[in-house]
Amino acid sequence: MDKQLHLQMEQLRNKMVETALLKQNLLHRDVISLSQSLDKIIIQVQEEHRALSRAN
Numbered sequence: 001m002d003k004q005l006h007l008q009m010e011q012l013r014n015k016m017v018e019t020a021l022l023k024q025n026l027l028h029r030d031v032i033s034l035s036q037s038l039d040k041i042i043i044q045v046q047e048e049h050r051a052l053s054r055a056n
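Residue numbers (UniProt numbering): 1 to 56.
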């Protein structure tokens, strides 16, 4: 996995957890927005892994 993507994933995950704790609501729009951003990165990483697997 790309180190930059890994770092970005960890930062987003931490910010999402922090925001959820602060807002005390998993359904708060800020938490959902962070979760969606994290989902996009996870999908990107999965697609990269799939492409590498096919190449090998």
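The C-beta atom is built at its ideal place from N, Cα and C for all residues, glycine as well.
As the structure is a computational prediction, the values presented were derived from the model and not from experiment.
Around the C-beta of Leu12, are 16 or more other C-beta atoms found within 10 angstroms, so that it is buried, or is it exposed? Leu12 should be labelled buried.
Is His6 close to chain B, meaning its C-beta is less than 8 Å from at least one C-beta of that chain? Absent here is chain B; the protein component of the structure consists of one chain.
C-alpha gap between Val31 and Gln24, whole angstroms: Distance between Val31 and Gln24, taken at the CA atoms: about 10 Å.
Expressed to the nearest angstrom, what Euclidean distance is found between the alpha-carbon atoms of Gln8 and Arg54? Going by C-alpha positions, Gln8 is about 25 Å away from Arg54.
To which residues of the same chain is Ile41 closer than 8 Å at the C-beta, ignoring the five residues directly before and after it? If the five residues before and after Ile41 are omitted, its C-beta is found closer than 8 Å to the C-beta atoms of Leu5, Gln8, Met9, Leu12, all from its own chain and listed in chain order.
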